[in-house]
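Numbering (the UniProt record's numbering), first residue to last: 1 to 70. Yeah, the Cβ is synthetic: ideal placement off N, Cα and C, and Gly gets one too.
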């Protein structure tokens, strides 16, 4: 890699099929984000919300942080 060659790491199998371990990206709509923030204000835990929406707890924190700054 240091000699100018490209990395041999592949993100797909030899057949061009994506790796089964690749994480699926979840994007919440504005409505879902507002609902998440309201549920948090009503007392729901961040970890609980992360599981319910299928997102990482850090993403929950970021959504809540953005809602507080507005």
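- [ ] Tell me whether the beta-carbon of residue 28 lies closer than 8 Å to the beta-carbon of residue 55.
- [x] yes
Task: Whole-angstrom C-beta distance between residue 60 and residue 50, which should lie under 8 Å - done: 5 Å
- [ ] Could you check which residue in 52, 69, 66 has the C-alpha nearest to that of residue 26?
- [x] 52
Task: 7 Å Cβ shell around residue 72 - same chain, five flanking residues per side excluded - done: In the structure as shown, the chain starts at 1 and stops at 70, and residue 72 therefore has no counterpart that could be examined.
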